[in-house]
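Numbering (this note's numbering), first residue to last: 1167 to 1515.
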């Protein structure tokens, strides 16, 4: 992967954009956005499409591996840049800053981001995964969520595993105040569990599946506490480059069909990117990812996120339920999926 940052790779920065960034810093707006969410960095020619890839989003790995977007957009003079997201929180950070146009987030994380003022839209559902669970060491005496009282738990705030932890505690009659949450990125949380620095970890696949193969135990699972995998895009990008946005969704729907036809190859791509044993990658793809899901963001996602909304307020992650409700009313956009044409990208390689 290119070692330069995405912003360094963007072309033709204008004096007006630089002035806008400086003004935003003074006014306290989110970096990379004006008061309406417009990108502070514009491309003068075909420009650059910057999107993320993530091991928790297998479709993104297929698209990157196959090079469909590069091939399709080259004739338009568009350069495709890829940025790896280590978690939904990092994808959201990059969306807010304008470092990426499109990012991979859990539904809960996308709702959180929108509720806190980030002008994003969910334009595709990439999976309905069981990608989060509470993980403990092989010799741990923790056998239920109730056993977490007084214990330490590693979690990545602003991600599905974090909200999985919150919901699991609530179901067990506990709250965050009953545990010590160690804020660590997913891979670091797994390392902390491995070396005994924490008692449990709110895990995320595929890192979780690898930990499980190496002796860790899933102490608590609940598919209902996992929110959907959503593809989020900045509204400014959607307004300025709708053709590029459509090309991205076309690629996602092409990748969904490709994954269904090539499960072993999909698992191998994940194994290569994530450094996993192929058997572990196959478990993630075939048993816990559920890529064969209706891709149009709509009522199914709204229903799940409506349940998680009050939790965002209770934990102090969002100031009010009104902000959550407004975000949920404006987050989901199915128009790109409705217009998706996977064949527009050409034949599969």
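Here a beta-carbon is modelled for each residue, glycine too, at the ideal position from N, C-alpha and C.
Any non-hydrogen atom of the ligand ZN closer than 7 Å to residue i Cβ
| i | result |
| --- | --- |
| residue 1407 | As far as ligands go, the structure on display features none, and thus does not contain the ligand ZN. |
Residue i - containing alpha helix (DSSP H), residue span
| i | result |
| --- | --- |
| residue 1248 | No alpha helix (DSSP H) contains residue 1248, which is instead part of the beta strand (DSSP E) from 1245-1250. |
| residue 1383 | Run containing residue 1383: none in the alpha helix (DSSP H); it sits in the beta strand (DSSP E), 1383-1386. |
| residue 1496 | 1487-1497 |
| residue 1421 | 1408-1427 |
| residue 1275 | 1273-1281 |
Whether residue i touches residue j by CB criterion (8 Å)
| i | j | result |
| --- | --- | --- |
| residue 1476 | residue 1467 | no |
| residue 1285 | residue 1400 | yes |
| residue 1258 | residue 1324 | yes |
| residue 1290 | residue 1249 | no |
| residue 1293 | residue 1395 | yes |
| residue 1272 | residue 1489 | no |
| residue 1368 | residue 1446 | no |
| residue 1252 | residue 1353 | yes |
Rounded C-alpha distance that separates residue i from residue j
| i | j | result |
| --- | --- | --- |
| residue 1405 | residue 1287 | 11 Å |
| residue 1425 | residue 1435 | 10 Å |
| residue 1462 | residue 1499 | 8 Å |
| residue 1472 | residue 1338 | 21 Å |
| residue 1254 | residue 1408 | 23 Å |
| residue 1508 | residue 1448 | 25 Å |
| residue 1391 | residue 1410 | 33 Å |
| residue 1138 | residue 1412 | Limits of the chain in this structure are 1167 at one end and 1515 at the other, which puts residue 1138 out of reach. |
| residue 1261 | residue 1267 | 6 Å |
| residue 1269 | residue 1220 | 9 Å |
| residue 1493 | residue 1283 | 8 Å |
| residue 1370 | residue 1431 | 22 Å |
| residue 1319 | residue 1361 | 13 Å |
| residue 1200 | residue 1242 | Note that residue 1200 scores 39 on pLDDT, short of 50, meaning its location in the model is unreliable and no value can be drawn from it. |
| residue 1309 | residue 1222 | 26 Å |
| residue 1246 | residue 1214 | 6 Å |
| residue 1210 | residue 1510 | Residue placement at residue 1210 is flagged as unreliable, the pLDDT there being 38, under the threshold of 50; the coordinate-derived value follows with that caveat. Spanning the two alpha carbons is a distance of roughly 25 Å. |
| residue 1454 | residue 1297 | 6 Å |
| residue 1418 | residue 1393 | 19 Å |
| residue 1433 | residue 1450 | 8 Å |
| residue 1203 | residue 1444 | For residue 1203, the predicted structure reports a pLDDT of 40, less than 50, and the residue's modelled location is therefore unreliable. The matter cannot be settled from this model. |
| residue 1366 | residue 1481 | 20 Å |
| residue 1505 | residue 1379 | 41 Å |
| residue 1328 | residue 1321 | 5 Å |
Integer Cβ distance of residue i from residue j, believed to fall under 8 Å
| i | j | result |
| --- | --- | --- |
| residue 1225 | residue 1423 | With a Cβ gap of about 10 Å, residue 1225 and residue 1423 do not count as contacting. |
| residue 1470 | residue 1478 | The pair is not a contact, with the Cβ atoms about 13 Å apart (cut-off 8 Å). |
| residue 1372 | residue 1442 | 6 Å |
Residue i (DSSP reduced to helix, strand or coil)
| i | result |
| --- | --- |
| residue 1233 | coil |
| residue 1266 | coil |
| residue 1351 | coil |
| residue 1479 | helix |
| residue 1340 | coil |
| residue 1512 | coil |
| residue 1223 | strand |
| residue 1217 | strand |
| residue 1449 | helix |
| residue 1302 | strand |
| residue 1505 | coil |
Extent of the continuous beta strand (DSSP E) run through residue i
| i | result |
| --- | --- |
| residue 1297 | Here residue 1297 belongs to no beta strand (DSSP E), and DSSP marks it neither H nor E. |
| residue 1369 | 1366-1370 |
| residue 1395 | 1395-1400 |
| residue 1318 | 1318-1321 |
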